Each structure stands twice: as structure tokens, then as C-alpha cells.
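Undergrad: Can you keep this structure in mind? I'll have questions shortly.
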Amino acid sequence: MDPPLTENKENVENGGGEDKKSEKDAKSPAGSRAGSAKSQRSQKSNGSQKGRIPSPIRSAKDNPAADMRNMRRIIAEDPEWSLATVPMLWELCIKHIVGNFEYNSKILDKLLPKHKTKVLEKISTDLPLKVTSNLVEDEGYWKRCCKARWAICDVSAYGNNWKRMYFERNLQDIIEHFVPENTDPEELDSTLPLSANFVKKLDIRQLLPPVKEAPKGFDDDVSDAGSEAGDGPETDHFDFGPVLQKLPLLEEFRVTYGVRDCGMNFDWNLFQFTARDCLLLSKCIAACKTLKVLCLHRSKVDDDRVRVLISHILDHPSLEELDLSHNIIGDRGARAVGKFINNHSQLKILNLCDNQIRAAGAQAIAHALTKNTTLHSLNLRLNRLGDEGGQAVCRSLMKNSTLKEINLSTNDMTEPTAAVLAQVVIQNTTIKSLDLSCNKLGADGGKQLQEGMEENNTITHMDLRFTQCGQESEFIINQILAKSQDRERESKEKNMNEVNSKK
Amino acid sequence: MSSSGEEEEVGPSVDSNDPEERIAARRLRIQRRHELARRAAMGEDPSAKKAVKEEISKSRIQIEQSRQRLTKLLQDGTELVTNIRVAGDMREGARRIEEEEARRQRKDKLEAENKGGTERFEEISKKWESALQKEIPQDLHEMLKQQQQRCNAMIDEKNKLISEFQQELKGKDEQYVKDLKKQAEEIDLMIERMEEQIKNLTKAYREELNQIEKAFVTERTELLELQRKKWDHMMQQRRDKELEYMKAREKRVEDYEQQLQHLRVQDAEEYNSVKIKLETDVQLLEQQIQLMRATFQLNQEKLEYNFQVLKKRDEENTITKSQQKRKITRLQDVMNTLRIKLAKQEKQFRDENSQLTEDYKRITEQFMELQKKSRHFITTDNKKFTDIWIMNEAEAKELVEKVCEQDRTVTEHQLGLRWDQPDLEFMDNVGPILSEQTKRQQVSATQVVQEVMSQTGGVSDQPVADPVDRPYRPEPGEEEEGSEYHHGSMLKDPATKSEQGETVKSTITQKFSAHTIKKILELLCDESGFLVENKLVKLLAPLEQDEQSLMKLDAIFAALGVETEDDIYRLSNFFTKFRQATERAQSGQGSRKQSVEEVERQDGEPEKEGEEGTQTDEMAEDAEVAEELQKVMEDGEEVVTPRSVKSEVTELIHPNDVYKALRVFVEEQWQPTKEKSKQPQFKIANTEDRDDADDAAYWKKYCSILPEKTERMWDALLDGLEMYSDCLQSRAKLITETDGLRQQNAELRMLLHQYVNSKVNAELEIPPTRVLNLEFQQA
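Chains A and B supply the protein sequences, listed in that same order. If you read the first sequence in our numbering, its first letter stands for residue 1, the second for the next number, and so on. If you read the second sequence in our numbering, its first letter stands for residue 1001, the second for the next number, and so on.
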């Protein structure tokens, strides 16, 4: 490239300040298309300038130079030289289409595939969903949308579908920032029908309460605010009824009645799961027949609320996973849950972690377990089963033949439970994973368990940390576990080989 | 917490020896299983497999080890990470229990306090009642003070409790803050551990991967080494073998060389001896060559001279040859022209011929048609002629009869004379008059035969009484007595025969003597039996001899095509003529013999024909015939001389020559028949000119049946009679006239009577009768 040319160009650019933007626009496609010759690029830029901005002064100035270039345009030794100094008509068209996409989006389907991709590469991510939702299927566009909106994008959590991710998260954001009686429902109403075909999962991590009293509450003392908020049943949250109705593909629904990142604005009122909330939620869940996963955690769900919920979702046709962790469910609530899993559901996974279930609730659940034939996984971590409840649950395990995983960690169980467990371990052949950590089983219990485990070869995972069951037995049990793990792995390999050989 | 984690970390590390044991055990198990599976699947020998297995297992061991280590690492890592959570759970659990306890204590305390407070309050309230009873102000004051003190004590107590609880709350708050801090720390630790874990794991995985790769590489190198060793070994073997082969080859080469040397020496010796011998031979041969050369030269000169001579001759020959050639060409030209001419001529002639044939065909067709027509017309004319004739004749006869009758009546009745019958003999004739010749002309052959037979029967010397014997006799006569008898019989009518022979030539009607003909016929009948059908012979068997021969002759004639009398005469003529001809031909014995042979040959042929005709059913007859023939032949031989002597006399043909004669006859017969076929048609045409000379006379006879005199008499009679008739007629007329008048009279009378007597008259005023009467009166 000859230096005078660049100079000239720079000069031109500097000179035509007001045209800079357009010039750049014109340059970028031309530059991308330009093969290798630098001189050519310069020519092109110049040409495009000329084509685009017919400024009389500059054209007069550049005329001799342009002539020169015109003369030099034919460069014999350049194999990739082309006449494309002026952007192609189709490029211009595409540009225009992109510019006016919002007003005339129907044209997209009529374009040739290559032009379509070009358009999709260029249209703005800020286009209203109304335009794009049903029209654009291209993953690339939705990826751009997601990336532009959120910093962290884990598409694997959304079935590797960017579009789904965008719509789900969009809806989540809207709901999470929805303040009842304050926010205009217009946005939600317009978004819902557009998202209906793409949303399968809804993970609501916070729900804002109505802001009536909130400003006052912030001024008061923390404890006072709590006491004040406690008696306010009118602080109902967002009603999911109309939303879930309009989502025919919803399979997973996670919700927390609480506020995230409240910081120093803490108010008990912010974490209130009212009876009306519970009733509305229960009703809409009962109405949503496609739901498979329901997660209602960290929401101060107490016995009464659980009973309401369970009474509504009893005999739900598709629900497979129920997560009620980190709530304050007591024995009555546990009894309700027990009824629910006692062949009134298709539940496979039940999580009651961090609740306040005691012996009575445990007995109810144990009774249900003896009759249940669907449950695979049960989590009762951080409850207060005690020996009595633990024994009940363990005895039920002797009769149950479907449960594969059970978590009984931190349940204040001691030696008598270990004795029963030893029997369970001998008899039961379906359980694979058993978590008993943080239960003071003691050395004797450990020994009993060890004896039981020596007869067993199906359990592959058993957590005995903080059980004080003695190093020796723990070690032996670990050995046995390793053996059964090996066996399982070998059998798996064998199956794989067989399958392969069959193939 | 960390100590416990270390403990748990140490736990698995204690059995660091164990994994190897486990690995060994597992390896064994795997091997066994694989072997079993393979044996079950393929039934291969396990020993070979084992070796392979061991070789393979190296990398596998490495993989297994790595896997083991990694799983351990993973387990430990997860344990390490989850330990924090578990510890937190543990603490939380403990805290909850503590909290519960504390709550319970607090509750107890509160209840106790409540109880004490209420008691004290009751006490105070009791005091208030007693205080009301007090009337002394000091007492009351004191009392009030006491009450105040008590209340204050109670309040203090309450306040103390409250402050206690507040203290506790503060503690809790601090605890909470601490817990939060601790949790943050733990979370940090957890994150740190996680990161560390990830780092470790990636590192470990990479290491293990490297190791596995290394193991694979080493295994590969080992394998390569092994293969190379094998390869080298094989190569070495090959080299050794090559060397061995080379040595063997060298040895062999040496052997062969020695042998070659030996052979060479031997051959040289041989060669020398042979050479000497050959040289001597050569010398001898050279001498001979010299000799030969000399002779050769001589010969050459001679030959050269000959050659010269021959050359000259050759030249002459060539000259003549060329001359001849020229001539040939010239002649060829002539020939060609002639040929062309010939071809042209031929073509012309052919065309002409075809044209002529076509013309001829057309003409013949026309002619045939014409003939047909003419025949038709002739027959019709004939018929017409006869019909007309007969009609006229009948008419004439009728007229004649009528005339005769009239004449008779006239003469007898009118004249009263005696009437003489005129001559009416010619009237017997019916149809056209025929000449006698034509009547006689066609006499069929059979008739002739019959005639002849019957004639001869009457005329012949033999008595008519035994006609059966007569034809019977000649046969044995022929066979037994030979030609003597035959000649004898023949001698009787030589004169007639010769005469007849001449007469036949002049006029065919002239006959042979019946006897001769009979003889000939008999001969024919006997000799040409083959012409008669077998069936006929069978049928004839019961008949009389004479009739038999008659029928036979009939059949024979039919076969020969003899139809008319004429034919018979010709045949007989032939027989006699043939005889003369043969006799003339038999100038010498040889020729005779030849002829005999010919005859024989000819005999054979007809016989064959006969056989074909009669079929081979009658072998016996054939045999007889053959015997007869032979006999005849022998006879013939004997007879020849006598016959030749009598050659001047016309004789009947010898039976042996019958065939020949017949043959010739038949051949000739066929030609005449053709000619004849034409002749009869013309003949028929000629039948028209029958002589009509008699016709006029015949018809005249009818005219002249009445004589002139009677005619004249008839005329006169006619005149007289006519006059008489006129007179009679006038009389008759008058009679009829009178009759008519009479009748009229009668009728008138009748009418008058009617009018007078009718009723109408009565009714009238004046009846007519009266009128009449008046009239009468007037009158």
C-alpha cells in the first residue's frame, strides 16, 4: 500500500466528520468481503465513499485521484480482484431489511437461506418479543439476546436451547420484579402468550411483597417490623394462577416466597407465606396437569400450609418430584405428606430436608413408605426424628422395595436405630445410598452396622461421618462399600459389553 | 472438623497395599470370566488366549490403577468438601438440641417466675385488703411503703429476668453474627477446597492420562520389540538358509565343472580321431570329384548342343504357335458372330413357334367347336329329315288309302263295276330310303366273332355235335404234336389266305376265310390269356368252352382296342404279315437266336405286365405258363429249320410270335386310331350325301296310283253328280218354303184365338167380337 493513499484517506475521513459513521458502516461489509489486497480495500472504501456521499466539494477534490485509481483498478497480478467496490444490491437490501425489521418482519421467511442468516446475524437484540418470538427460530440470534442481557448464561440448564432460556429467564425476571398492586401487569400480559410455547421451567427465586407498609417498616426497629408484619395477612404475593394457566408446557416450577439481597432492609414482612398465597398457589398447581417438578423451599411453609397444599395436589397425575426443603413443617405436615406419598401420587423424589419433623411425623412417613411403590429418593436431612422416628423409618425400609436413596443425616438418632438399620441392611436389596452422618450411633451401633453390612452387597454409598461408630467398623464398612461399588461397576461394564456384543 | 477430615483421609490410605491385592484378584476374575466367555463363544484353546491376555493386560492394569487412584481421589475430595457441610449440619443439629434445651429451661424459668410473681402479686393484693382496714395513716403509710417495696422487689425481679433475657438475646445476636462469620468462613473454605479439588483432580486426571498413555506406549514399544525380534529371528533363519543353499549350489557348480572338463577331454580325443578319418575320406572324395567334374564337363557340352537345337525348335514352335493363335482368334471371331446369329435365329424361331402354336391352339379350339356344332346340326337335320319324311309319307299313305277307298266306292257303288286293288307294295316302306351298303357298314367285332364262331361251327370239318371238343383240341395239338399238326391244319387254306391277303388290301370287306379267322382267333384266345382278367376267368369257368372262348375274346378285344370288323381283319392280316416279315428277317441262325432272345425278353415283359394285371395270386398258372413257354422254346428250336424251308407258303403266325405280333399291332393300332378319330367325324359329315335318286321315283309312285282313265271317268261322274245335286237342292228349297208358310198360318191362328178369348174383351163396352160380328154383319 502506498502511503499517500492512506494519508489521503485519513484526510478524507477527518475532513468528512459528519459522514464518518455512515462511512464506517459502508466500510465494514466491504472490508469483510475484500479478499487480501490492501490497496483494493482502500480503493473500495474510497469508492463506497463516493457512492454513498456525493459531496460536491470532495468529489471535485478527489476527482483526479479517483481517476488515477480508476486507472489502477485493474491489477493484473491480483487474482481476487473484483468490481465489488460498490456494495451489492442485496447487501443494501439486507441492510435496509435489518434497519426496518421491526416494522416489516414478515419478509424474513421469503428470503434466501444465506440472506436470512445474514439478516439474523445483524438484527438488534432489543427488538420487541412480539416481533421475534414466533418468527425467529435461529439459535444464534437468541444466544446473542441472552448474552446481551445476562452475564452468566448456562444453557445446559435449559436443555441447550437458547430461545427457551431467553424466554424463561425473561418471564422469571418479570415475575421476580413484580410488585402486586403497583406494577403494571401489562408487560406480563403481553409477554405471557408469546412465551407460552417455549417455557418449560420456571424458577422464581424471589417474590416481592406489596409495598404499602414497606417504607414504614424500613424505618422501624427490626423486631418491631417483624411483629408488625406478622399480623398483616394482607401482604399477599404474586398470584400464579393466571400465569400457570397460560403456560401449557410447564414441567418444572420452583418458587420461594421471600426477597433476595434484602441486605439491611430486612423485614419479617418480606418473608411471609400467607394462607391466601398458599391457597392460590395450591389451586394453580392442582390445575397445572403437566407439572413434574414442584419446589417450594425457604418459604416458611408450616403444617397448615402444607396440609392445604397437599390436599390440593393429592392424586396429581404427573408430579414426580416434590421439594419442600428449608421450611418449618412439623408432625402434622409430615402426616399430610405421608398421606400424599401413600399411593396418592406418582412421586419419585421427595425432599423434606431441614424441617421440624419429629417422631410422630416420621412414623406417618414410615407407614406410607411401607405401601409406596414409586418413591426412589427420600431426603429427611436435618429433622428431629430421634430414635423413635428413625426406627420407624428403618423398619419401613425392610418392607419397601423401591427406595434407592435415603438421607437420614442429622436426625438425632442413636444406637437402637443402628441396630434396626443393621437388619435393614441385611434384608433390603434395593437401597444403594444411605446417609447416616451426624447421628450419634456410637461404637456398638457401628459394630452392629458393620456386621449387617458384611451380609450386604448392594449398598454402594454410606455416609458415616460424625457417627462415632469407631474407626475399625467404619473402615470395614468402607471396604465393603468399595467392593460393592466395584461389583456394580463390573456388572455395568458387563451389561455394556453385552449390549455392544449384541449390537 | 479438619482433624476428622484427616482421619477419614487417612482411613483409605491405610489400605494402600490392599488395592494391589484387589487388583490382582480382579484381574484374575476378569481373566477367568473372559476365558469362560470366549471358550463358550468360540471354543478356542485357552493357552493361546492366555498369552495374549497377559500381553494386553499391561495397559489395562494401568487403566485400572489410574481409575482406582482417581476414584479414591474423587471420593476423598468430595468427602473433604462435604465434610464442611456435614460439620455444619452437625453443629446445626447440636445447636437445635441446645436451643431446645435452652428454650425448655427458659420456659421453666418463666413459669417459675410466673408462679412466684403471681404468688407475690396475690400476697400484695391481699395486703391491699388489709391495708384498707388500716385506719391509722402511719400504719397505712408503713403498709404502703411495704407494698411499694414488695412491688419494687417484684418489678426488680421481673426486670432482672427481662435483662437476663435481653442479655441472652444479645448473646444470641453475637452468636448469630459469629455464626454468620463462621459460615462465611466455611463457605470460603468450601470454595477453596472445591477449587483445590478441581485443580487436583484435573492434575491427577492429566497425570493418569499421561501414565496410561505411557503404559500404552510402552506396551506398544514392547510389542514392537517383540515383533521386531521375531522378524529378526525369521530374517536370520532366512539368511542362514540362503547361505546354506548358496554353498550347496557352489558345490554343485564345481561338480558340474569337473564333469564338463572330463567330457571336454573325451570329446577332444574323439574329435581328433574322427577328424583324421574324415580327412582321408575327403581326399578320396576329392579325387572322385575330379573325375565327376570331367564327365560333367563332357555332358555339359553335349547338353549345350542339345539345348541349342531345342532352342531353335522352340523358336519355330513359337512361330507356328503364334500363327495358330492368330488363326484361332480369327475363327473365334467368326464363331462368335455365328453364335450371335444363331441365337438371334433361335430366338426368332422360338417366337414364331410360340406364335404358331398359339395360332394352332386357337384354330384347333375353333375347329373343335365347329365340329361340335356341325355334329349337332347334322344330327338335328337328320332327325328333322326323317321326321318330315315320315310325316309326308304318312300323309301320302293316308291320301292313297283314301283315294283307293273312294275309287272303290265309285267303281263299286256308282259304276257297279268290279274294283281291282292297285299295287301298293311300295307303301310298306317307312322312313327314308336307305341304300344297302350303308345298312351293312357297321358290324361290330363281337358280332363278327360270333358269326365266325358259329359259321366255322357249321362250316368246319369237325361235327357240330361236339363244339366243346373243337376249341379244346388245338391246344394239345399245339403242345403235344408240335408244329406238325399246326402246319397240317394250316396247310389247308394257304390259297384262300393268300387270296384274302390280297383282297384285304384292295377292299376291306373282302374277308379271310372264316376258318382262318377262327384259327387266328383261337390262337389269340389261347396265347393272350393274360389280357383277360382273373375274375372273368373264374366267372367263365362254369360256362361252355365255346362261350368261354367267346367271352375271353371279347375281353381281349376290349384290351387291344379292336372294335370293328375291320380291326379284326387287320389283326388277322397282321398275324399273317408278321409271319412273313419275321421269316424274311430270319436269314441266319444267329439272328434267329437273337430274335428268340428278343422274343424271350419280350415274353418276359408282357408276362410281367400280365402278372401285374392278374396279380400274383395264381402262382400255379404262372408256373404252368412258364413250363409251356419252355417247351415251346424247345419246340421252336427244333421247328426253325422246317419252317424256314416252307417260308414261301403263307402261314399262320407261330404261337411264340403272337406276343410280338400283338405288340406291333398295338403300336400300330394306336396310330391309326388317332387318324381314325379324325376320319369318323368327317365321315359323319359326309353321311349327308346319301343318294336321293330313288326318292323321286318313290314319291312318283304315290302320284301314279290312280291311272289316267279313272281320272277322266271321275271328272265325268263329277259333272253328272253335280247336276243331280242342283236339282235336289232346288226341291229341298221349295219344301222348306211351304213348311214355313204353314207354320206362319198356325201361329196367326193361335194369336187370333188368344185375342178373342181374353177377359179384357168382356170388360169392354163393345167387345171386339161384336165389332167383328158387326163388321161381319156390315160386311
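Just so it is clear, CB atoms sit at the ideal spot from N, CA and C, and this is done for glycine as well. This structure is a prediction, so every number in the text was calculated from the model and none was measured.
#1: Sort out for me which residues DSSP pairs A/Glu252 with in a bridge.
#2: I believe A/Val308 touches A/Leu249 by the beta-carbon criterion, under 8 Å. Please report the beta-carbon distance rounded to the nearest angstrom.
#3: Taking the continuous beta strand (DSSP E) assigned at A/Ser349, which residues delimit it?
#4: How about the segment 262-282 of chain A and the segment 315-323 of chain A: do they share at least three Cβ pairs that are nearer than 8 Å?
#5: Tell me which same chain residues have a C-beta within less than 6 Å of the C-beta of B/Gln1133, skipping the five on either side of it?
#6: Pull up the distance between the alpha-carbon of A/Ser501 and that of B/Glu1195, whole angstroms please.
#7: For B/Arg1106, decide whether its Cβ has a neighbour in chain A, counting only Cβ atoms nearer than 9 Å.
#8: If you measure beta-carbon to beta-carbon, which residues of the segment 1086-1098 of chain B are closer than 8 Å to chain A?
#9: Tell me, to the nearest whole angstrom, how far the beta carbon of A/Ala336 is from that of A/Val306; I am working on the premise that it is less than 8 Å.
#10: What in chain B is Cβ-close to A/Asp412, meaning under 8 Å?
#11: In three-state terms, what does DSSP make of A/Leu129?
#12: Relative to the alpha-carbon of A/Gly330, which residue among A/Lys114, A/Lys300, A/Ser105, A/Asp463 has its alpha-carbon at the smallest distance?
#13: According to the neighbour-count rule (16 or more other Cβ atoms, all chains shown, within 10 Å of its Cβ), is A/Leu375 buried or exposed?
#14: Ignore the nearest five residues each way along the sequence and tell me which others in B/Ala1786's own chain have a CB closer than 7 Å to its CB.
#15: Assess contact between the segment 92-106 of chain A and the segment 155-174 of chain A, defined as three or more Cβ pairs (one per stretch) separated by less than 8 Å. Is contact present?
#16: Can you determine whether any heavy atom of the ligand SAH sits closer than 8 Å to the C-beta of A/Lys503, and answer yes or no?
#17: B/Ser1016 CB to nearest chain A CB: under 9 Å?
#18: Could you check where the alpha helix (DSSP H) with A/Asp189 kicks off and where it finishes?
#19: Could you name the residues of chain B that A/Cys438 contacts, counting a contact when the two beta carbons are closer than 7 Å?
#20: Beta-carbon within less than 6 Å of A/Ala364's beta-carbon, same chain only, minus the 5 sequence neighbours each way: which residues are those?
#21: May I have a chain-ordered list of the alpha helix (DSSP H) segments no shorter than 4 residues that lie completely inside the segment 433-498 of chain A?
#22: Using a Cβ-Cβ cut-off of 9 Å, state whether A/Leu421 counts as contacting chain B.
#23: Using a 10 Å radius around the Cβ and a threshold of 16 neighbouring Cβ atoms, would you call B/Cys1525 buried or exposed?
#24: Indicate the three-state DSSP secondary structure (helix, strand or coil) for A/Gln43 in the structure shown.
#25: Within 9 Å of any Cβ in chain B, is that where the Cβ of A/Asp303 sits?
#26: Please go through the segment 1248-1313 of chain B and give each complete beta strand (DSSP E) segment of 3 or more residues, from N-terminal end onward.
#27: Tell me which same chain residues have a C-beta within less than 8 Å of the C-beta of B/Val1599, skipping the five on either side of it?
#28: Measuring only the C-alpha atoms, how far is B/Asp1567 from B/Arg1663?
#29: Output the distance between the C-alpha atoms of B/Lys1608 and B/Leu1550, rounded to the nearest integer angstrom.
#30: Which residues in the same chain have their Cβ closer than 6 Å to the Cβ of A/Leu385, if we skip the five residues on either side of it in sequence?
#31: Please list, in chain order, all residues of the same chain as A/Glu490 whose beta carbon is under 6 Å from its beta carbon, the five residues on each side excluded.
#32: For A/Lys118, which residues in the same chain have their Cβ closer than 7 Å to its Cβ, ignoring the five residues on either side in sequence?
#33: Assign B/His1141 to one of two classes, buried (16 or more other C-beta atoms within 10 Å of its C-beta) or exposed (fewer than that).
#34: Any idea what DSSP makes of A/Ser377, helix, strand or coil?
#35: Going along the chain, which unbroken runs of the alpha helix (DSSP H) with 4 or more residues stay wholly within the segment 1299-1378 of chain B?
#36: Would you give the residue range spanned by the alpha helix (DSSP H) that A/Asp331 belongs to?
TA: For this structure:
#1: A/Lys201, A/Val293
#2: Not quite, the Cβ-Cβ distance comes to about 27 Å (not below 8 Å), so this is no contact.
#3: Sequence check: residue 349 of chain A is Ile here, not Ser. That run of the beta strand (DSSP E) goes 349-351.
#4: With the cut-off at 8 Å, the segment 262-282 of chain A and the segment 315-323 of chain A do not touch.
#5: none
#6: Those two C-alpha atoms are separated by around 41 Å.
#7: No Cβ of chain A is located within less than 9 Å of the beta carbon of B/Arg1106.
#8: Val1086, Ala1087, Asp1089, Met1090, Glu1092, Gly1093, Arg1096, Ile1097
#9: 5 Å
#10: Gly1093, Ile1097
#11: Secondary structure at A/Leu129: helix, using DSSP grouped into helix, strand and coil.
#12: A/Lys300
#13: By the Cβ-count criterion, A/Leu375 is buried, with 16 or more other Cβ atoms from all chains shown falling within 10 Å of its own Cβ.
#14: Absent from the structure is residue 1786 of chain B, since the part of chain B shown begins at 1001 and ends at 1779.
#15: no
#16: Ligands displayed in this structure: none; no statement on the ligand SAH is therefore possible.
#17: Here the model assigns B/Ser1016 a pLDDT of 47, short of 50, so the residue's position is not dependable and the matter cannot be decided.
#18: 186-195
#19: Val1086, Asp1089, Met1090, Gly1093
#20: Ala334, Arg335, Gly338
#21: Annotation: the segment 433-498 of chain A contains the following complete segments of the alpha helix (DSSP H) (minimum length 4 residues), in chain order: 442-455.
#22: no
#23: B/Cys1525 counts as buried, since no fewer than 16 other beta carbons sit within 10 angstroms of its beta carbon.
#24: Since pLDDT at A/Gln43 reaches only 43, below the 50 mark, its modelled position is unreliable, and no value is offered.
#25: no
#26: The qualifying runs do not exist here; there are none.
#27: Legend: pLDDT at B/Val1599 = 46, less than 50; position of this residue unreliable, value from coordinates given subsequently. Taken in chain order, the residues that qualify are Asn1656, Asp1657, Tyr1659, Lys1660.
#28: 15 Å
#29: With a pLDDT of only 43 at B/Lys1608, under 50, the local geometry of the prediction cannot be trusted, and no value is derived from it.
#30: Ala362, Asn411
#31: none
#32: Ile94
#33: exposed
#34: strand
#35: none
#36: 331-341
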